[in-house]
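Residue numbers (the numbering used here): 539 to 865. Note that the Cβ used here is the ideal one computed from N, Cα and C, for glycine as well. Read the structure below first, then the notes.
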């Protein structure tokens with residue numbers, strides 16, 4: 539953490555120097571002779587909080603430096619220890635910068651290049667913030683987007699019973715290990731009893747389900763949306779009819795009996811912040827692309843060769859499966 543903050547302080551200080559580099563030095567105001575020179579009101583409102591030799595750091599400067607840090611570091615600096623550590627590092631950077639300027643290092647060609655680059659980067663970030671403020675996204679825009687993507691916001695409330703087979707991550711210690719065939723047969727038998735009305739779904743879940751978490755609640759999984767369950771389980775849940783018990787569905791965890799309790803949509807107000815964020819990002823991306831297109835940007839193809847096409851897969855191999863979530 540300390541090394542990282544040191545680096546960030548160095549960058550923040552260099553950026554300050556970069557911005558200030560092109561700013562003409564202010565001429566000292568002419569002082570008129572007076573019998574008594576009162577202390578400036580601004581000085582008392584903006585006290586010196588760090589002093590070392592000829593360096594005097596006022597509160598406003600120090601707090602501006604804190605604001606230049608990323609949010610996570612601002613939170614760290616908000617603690618007394620973090621604030622003092624930042625103060626030590628900031629003073630060290632100021633002292634090093636002052637000595638470097640005395641030595642004329644600010645005139646070094648490489649340093650000038652780096653300062654110019656940092657200055658441009660800061661101005662570019664300021665321009666992005668200006669562009670972001672100009673973006674407008676209305677509720678009507680978001681509602682249209684919501685309606686056009688409504689199938690993505692399907693929700694189901696469901697219960698399930700899991701019968702694990704040997705090697706399943708859900709297999710319970712102390713219970714007899716079942717082969718895949720035995721697990722499927724057991725699930726089918728439970729389904730027959732539930733459909734016939736001789737066994738309640740909730741009772742079977744409490745007694746037989748290897749998903750002990752939901753099993754204790756009668757198999758209740760609550761409400762979930764797309765992407766929250768393993769693919770086979772999700773497909774069966776979103777395609778199943780409300781109130782019906784599915785045929786055994788195989789996943790890596792075993793065989794599931796699924797009963798959909800109800801089907802609904804994630805409310806607009808709940809997804810509105812995500813929709814707005816995505817819409818703003820899309821509009822910003824479009825503005826940046828237009829900026830490059832209008833400038834008729836070109837790239838030296840020799841210096842920037844096109845990426846090589848991905849090689850064909852060797853026969854008999856397959857890409858690694860994506861990680862799955864446990865229902």
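{"Item": "Excluding the five sequence neighbours on either side, which residues of its own chain have a C-beta within less than 7 Å of the C-beta of residue 557, listed in chain order?", "Value": "At residue 557, the pLDDT of 43 sits below 50, so the modelled position is not reliable and the matter cannot be decided from this model."}
{"Item": "Does residue 591 come out as helix, strand or coil in the three-state DSSP assignment?", "Value": "coil"}
{"Item": "Which class does residue 575 belong to by DSSP, given the choice of helix, strand or coil?", "Value": "Unreliable positioning characterises residue 575 in this predicted model, as indicated by a pLDDT of 47, which lies under 50. A coordinate reading is not provided."}
{"Item": "Assign residue 716 to one of three DSSP states: helix, strand, or coil.", "Value": "coil"}
{"Item": "Unbroken alpha helix (DSSP H) runs of length 4 or more, entirely within the segment 713 to 797: which are they?", "Value": "718 to 734, 739 to 746, 750 to 753 and 769 to 777"}
{"Item": "What does the Cβ neighbour count give for residue 569, buried or exposed, with the cut at 16 atoms within 10 Å?", "Value": "At residue 569 the pLDDT is 43, less than 50, meaning the model places this residue with poor confidence and gives no usable figure here."}
{"Item": "In angstroms, rounded to a whole number, what distance separates the CA positions of residue 559 and residue 648?", "Value": "Here residue 559 scores only 46 on pLDDT, less than 50, and its place in the model should not be relied on; the value that follows carries that caveat. Answer to the nearest angstrom: the Cα atoms are 15 Å apart."}
{"Item": "Write down every uninterrupted run of the alpha helix (DSSP H) in the segment 633 to 682 whose length is 4 residues or greater and which is fully enclosed by it, in chain order.", "Value": "647 to 672"}
{"Item": "By alpha-carbon positions, which one of 706, 809, 829 and 841 ends up nearest to residue 682?", "Value": "809"}
{"Item": "Compare the C-alpha of residue 678 against each of 825, 820, 794 and 813 and name the closest.", "Value": "813"}
{"Item": "Going straight from the alpha carbon of residue 602 to that of residue 612, what length do you get?", "Value": "11 Å"}
{"Item": "Can you tell which of 630, 749 and 804 has its C-alpha closest to the C-alpha of residue 688?", "Value": "804"}
{"Item": "Tell me the DSSP bridge mates of residue 690?", "Value": "According to DSSP, which records beta bridges pairwise, residue 690 is partnered with nothing at all."}
{"Item": "DSSP state of residue 695, grouped into three classes?", "Value": "strand"}
{"Item": "For residue 734 versus residue 786, is the C-beta distance shorter than 7 Å?", "Value": "no"}
{"Item": "Can you give the beta carbon distance from residue 709 to residue 748, rounded, assuming they're within the 8 Å contact cut?", "Value": "7 Å"}
{"Item": "Under the three-state reduction of DSSP, which class applies to residue 823: helix, strand or coil?", "Value": "helix"}
{"Item": "Between the beta-carbon of residue 697 and the beta-carbon of residue 797, is there less than 7 Å?", "Value": "yes"}
{"Item": "Determine the burial state of residue 686: buried for a count of at least 16 other Cβ atoms within 10 Å of its Cβ, exposed for fewer.", "Value": "exposed"}
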